[in-house]
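Quick note: the sequence shown uses numbering that gives the first Met the number 0, first residue 0, plus one each step. C-beta: ideal position from N, C-alpha, C; glycine also. Single-structure report; data block below.
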Amino acid sequence: MSETIEQIDATLMFTDIVGYSKLMGKDQSLTITMVEEYRAILHKEIESHQGIIVEFIGDAVFARFDTPEQGINAAVAIQKAIFTYNHFRDKQLPELHTRIGLHCGKAAIKNGALFGDNVNITARLEPIAYADGICLSEAMYKAITSGTQWPTLSLGIQPLKNIESRIRVWLIRPAGISYKVKLHYWNQKINRNLGVYRHAIAGFFILLLAAAWYFVPRILVPGYDANYVEITEFENAMPDNSQWGYLKAGITEDVRSQLADMRNIYVVDSGKGIQAPVILEGSIQRMGDNIRIAYRLLRRDGMVQIAGGKLDGAFNEIFILEDRLVAEIARYLSEEFGIEYLRPAKLQVTSSVTAYDYYLQGLEYLSKPTSHENSDKAINLFSTALVHDSNFALAEAGLCQAYRKKFVKTIGSNWLSNAEDHCKKALALEPDLPKAIESMGLIYSEQGRHEDAIKMLSDVLSRNPDNMQASMALADVYSEIDEYPLAVTTIEKAIALQPKNWEGYHMLGYLYLTNNQLKKAVDSYKQVLQFTPNNSTALNNLGVSYMYLGEFSKARKYYQAAVRMAPNAWGYSNVGLMDYFNRDYLSASKMFEKAIELSPEDYHYYSNLADTLQKIPYNEEKAKHYYLSAIPLIENTIKLNPNDAVAFAYLANAQFNLNKKDEALNSLQEAIALKQEDLDVLSIKARIEIEMKEFKKAQTTIKTMLELGYDSVLIMNDPDFDELMQKDKAGNALASE
Numbered sequence: 000m001s002e003t004i005e006q007i008d009a010t011l012m013f014t015d016i017v018g019y020s021k022l023m024g025k026d027q028s029l030t031i032t033m034v035e036e037y038r039a040i041l042h043k044e045i046e047s048h049q050g051i052i053v054e055f056i057g058d059a060v061f062a063r064f065d066t067p068e069q070g071i072n073a074a075v076a077i078q079k080a081i082f083t084y085n086h087f088r089d090k091q092l093p094e095l096h097t098r099i100g101l102h103c104g105k106a107a108i109k110n111g112a113l114f115g116d117n118v119n120i121t122a123r124l125e126p127i128a129y130a131d132g133i134c135l136s137e138a139m140y141k142a143i144t145s146g147t148q149w150p151t152l153s154l155g156i157q158p159l160k161n162i163e164s165r166i167r168v169w170l171i172r173p174a175g176i177s178y179k180v181k182l183h184y185w186n187q188k189i190n191r192n193l194g195v196y197r198h199a200i201a202g203f204f205i206l207l208l209a210a211a212w213y214f215v216p217r218i219l220v221p222g223y224d225a226n227y228v229e230i231t232e233f234e235n236a237m238p239d240n241s242q243w244g245y246l247k248a249g250i251t252e253d254v255r256s257q258l259a260d261m262r263n264i265y266v267v268d269s270g271k272g273i274q275a276p277v278i279l280e281g282s283i284q285r286m287g288d289n290i291r292i293a294y295r296l297l298r299r300d301g302m303v304q305i306a307g308g309k310l311d312g313a314f315n316e317i318f319i320l321e322d323r324l325v326a327e328i329a330r331y332l333s334e335e336f337g338i339e340y341l342r343p344a345k346l347q348v349t350s351s352v353t354a355y356d357y358y359l360q361g362l363e364y365l366s367k368p369t370s371h372e373n374s375d376k377a378i379n380l381f382s383t384a385l386v387h388d389s390n391f392a393l394a395e396a397g398l399c400q401a402y403r404k405k406f407v408k409t410i411g412s413n414w415l416s417n418a419e420d421h422c423k424k425a426l427a428l429e430p431d432l433p434k435a436i437e438s439m440g441l442i443y444s445e446q447g448r449h450e451d452a453i454k455m456l457s458d459v460l461s462r463n464p465d466n467m468q469a470s471m472a473l474a475d476v477y478s479e480i481d482e483y484p485l486a487v488t489t490i491e492k493a494i495a496l497q498p499k500n501w502e503g504y505h506m507l508g509y510l511y512l513t514n515n516q517l518k519k520a521v522d523s524y525k526q527v528l529q530f531t532p533n534n535s536t537a538l539n540n541l542g543v544s545y546m547y548l549g550e551f552s553k554a555r556k557y558y559q560a561a562v563r564m565a566p567n568a569w570g571y572s573n574v575g576l577m578d579y580f581n582r583d584y585l586s587a588s589k590m591f592e593k594a595i596e597l598s599p600e601d602y603h604y605y606s607n608l609a610d611t612l613q614k615i616p617y618n619e620e621k622a623k624h625y626y627l628s629a630i631p632l633i634e635n636t637i638k639l640n641p642n643d644a645v646a647f648a649y650l651a652n653a654q655f656n657l658n659k660k661d662e663a664l665n666s667l668q669e670a671i672a673l674k675q676e677d678l679d680v681l682s683i684k685a686r687i688e689i690e691m692k693e694f695k696k697a698q699t700t701i702k703t704m705l706e707l708g709y710d711s712v713l714i715m716n717d718p719d720f721d722e723l724m725q726k727d728k729a730g731n732a733l734a735s736e
């Protein structure tokens, strides 16, 4: 074998088993058997695609190929083989999942071993991949010609540890790109662009954005200078065991649809974090062949009833009853808002009451927790509805949703294909049917078919340019494929057509916030509040924006306004953290106490309160009490998940502050061993190093945090880092980062 070093062109692959350490901790013997079976799968697929295994390292495999095509085909074959392995495996045993990283370029080879930057890049790509996924570098993505036949998601430019240049990365996932996958990377993007809190829990509210695929039948233009009504789901006025309980959701949906079609009156669903000045409540009661629908309109201010009524009739006249109901409500709303009364268009969903009844039954199963049983029942009922009316577009859309749920529950390409077929049938019957557009968009997105999604949404907008939901969805697709300027332009066009629509400004704020244009995000969210002053999501996201701008008093103001609307533990914690950054420790302690009252099982809040009390004179014993209270909660978390690195870090923090230094350092080492690049782990590590006067170590730790994306504004203002910041050399060095 040659002792010389040669340079070769190679496609490199790194793989590992997802959750390997956890599996070993639970059952070492079983895991070793799984690793052997895993290696056998990889050995077979790599060799069958002309690859060479360079090295086995525990659960990791390093391989090389002569061409990018061989590498990607082998990677896809591996994921498919593991899917088959899990499918036929005893369901009582843990499943096997793997991540794969692929890159191509020059590599140095000596005695069969490979060296060089491209080897390091490949190794860093593999951990980025979601379970069952394949992470590709830009070089690899451009080199393959077949990549677009599999579900693909652009992950944008990713920082790789110890790699100077940032690399654009793609994810290919043969099992599909689900919403959960996108949410995983979306949260990572937030943390990378904006940094994370000193304590992890406070970032939770960002999930309230919900900016992706969501449609209502008509544009939503709520605002105190617009006329909008909040519609709650109609209640079931029948006994709990009534066979007619399924009616409420469907009839509520129909009422919303008809009212949303009225000129100058706009609707918002109850529970969306927006409080409307007028509320519509209702109830439904069916007795044999007869039905009663009752309603009342209320002013939120004082909860004064504006109007109300009851409509009785035969169930086979349900469409006539619904039309009468909506006409009455519309008349009262017109009087309340002082606008011209125009009777809403008649409900036209199907010509068959029997088909409609089966459709409503199907909706009930569709709304239940996702399971094959519930989806199958929904499919049967929607199919029966189509027997009675073969042109029932909503039933076709229901079938699309039900098959897609089966796909989400257990990946199966035939289910997604069935879903797509029924969505296409629904859209052929009604090209602008919101449910079908929403489901079709999700299907395209999960398969990485972004061009198809763009075409469909562009077609919707060509027919209806002021469809804000379609504009938002299109912008979201552009954002997914890293076309940020196109995303912004799309929303700006929508806002120009609907300058009073709060949703457009909200989506624009989301785009600015996730791309670190914080001042623009502030302006956008303030515009939202002009139209919807009681919008908890906008208030929270204004808090986020101001926090990362270092304006903690303003951040507190908006967090406080949001938590007044909807009191919750993490909301009070957000307010408390802003008080902490403002050095108002007494107020911070009160906020954390409220968080504990609302969520007494969450160790984060006890730790936050204890850290705060330590800053208040004569509260050391009280702080110890809360550290002691946190420890059993943390230990219980670790018992449930022995690989929870953050829990070990919080345990170290509590132990250190209880003067159990050796135990604390052991817990910290456990946390670092599990997740050495976790920002919460590193933050606590830096705090302990500062307390131990190991300032050089702390400075190195904080520089690592900055490299990983922690926001410098938070570091410079965190009270826990004050002592380090006061050190001239450390402070200047960090300030220059």
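Alpha carbons only, please: which of the options is nearest the one belonging to residue i?
i: L332; options: C422, A275, V352, I56; result: A275
i: G249; options: N514, N379, I292; result: I292
i: M261; options: G244, Y227, I278, G287; result: Y227
i: K434; options: S444, A427, C422, E445; result: C422
i: A107; options: R63, P150, D89; result: R63
i: E722; options: K695, M704, E706, D710; result: K695
i: E321; options: S350, Q257, A306, E339; result: Q257
i: I278; options: A306, R285, M286, D253; result: A306
i: M691; options: N656, E634, S666, H387; result: N656
i: E316; options: L296, E339, N289, R295; result: N289
i: S136; options: R88, R255, S470, G70; result: G70
i: H624; options: Y357, N607, K25, N640; result: N607
i: S153; options: P718, Y184, A554; result: Y184
i: K374; options: S28, L667, V407, T488; result: Here the sequence assigns Ser to residue 374, which means Lys is not the residue at that position. Ranking the options by Cα distance to S374, first place goes to V407.
i: V738; options: G447, P631, F551; result: It is not possible to answer for residue 738, since the shown part of the chain is limited to 0 through 736.
To which residues does DSSP link residue i through a beta bridge?
i: M12; result: A62, L101
i: A306; result: L296
i: K726; result: Answer is none; K726 lacks a bridge partner.
i: R291; result: Q284, D311
i: K109; result: A112
i: V168; result: S136, G155
i: N235; result: I283
i: V277; result: V228, R298
Tell me which residue opens and which closes the beta strand (DSSP E) that residue i is part of.
i: D268; result: 265–268
i: V228; result: 227–230
Apart from the five residues on each side of it in sequence, which residues of its chain come closer than 6 Å, Cβ to Cβ, to residue i?
i: A486; result: A474, Y477, S478, L510
i: T14; result: V60, T97, I99
i: D311; result: R291
i: D224; result: The predicted position of D224 is uncertain, since its pLDDT is 48 and thus under 50; no value can be drawn from it.
i: A209; result: With a pLDDT of only 37 at A209, under the threshold of 50, the placement of this residue in the model should not be trusted, and no figure is reported.
i: Q284; result: A236, M237, R291
i: T231; result: S269, E280
i: V348; result: L393
With residue i as the anchor, note down where its alpha helix (DSSP H) starts and where it stops.
i: Y509; result: 501–513
i: T383; result: 371–387
i: I317; result: 317–336
i: T151; result: First-last for T151: 151–157, but that is the beta strand (DSSP E), not the alpha helix (DSSP H).
i: W758; result: Beyond the ends of the chain as shown, which are 0 and 736, falls residue 758; an answer cannot be given.
i: Q698; result: 694–707
i: G24; result: 19–25
i: A174; result: It is not in any alpha helix (DSSP H) - A174 carries neither H nor E in the DSSP assignment.
i: I442; result: 433–445
i: Y358; result: 352–366
i: D451; result: 449–462
Excluding sequence positions up to five away, which residues of its chain have a Cβ less than 7 Å from the Cβ of residue i?
i: L517; result: S544, Y547, L548
i: S523; result: Y504, L507, G508, Y511
i: A384; result: A354, Y357, Y358, G361, F391, A394
i: A738; result: Here the chain comprises residues numbered 0 to 736, so residue 738 is not present and cannot be evaluated.
i: V303; result: L297
Return the chain-ordered list of same chain residues with a C-beta closer than 8 Å to the C-beta of residue i, the five sequence neighbours on each side being excluded.
i: E688; result: F694, K696, A697, T700
i: F214; result: Note on F214: pLDDT 39, under 50, position unreliable in the model; the coordinate value appears next. Contacts found: P433, K434, I436, E437, Q468, A469, A472.
With respect to 7 Å, is the separation between the Cβ of residue i and the closest non-hydrogen atom of the ligand MN below this value?
i: A313; result: This structure does not include the ligand MN; it has no bound ligands of any sort.
* Scan the region 30–94 and note each continuous beta strand (DSSP E) run of 3 residues or more that stays entirely inside, going in chain order. => 51–56, 59–64
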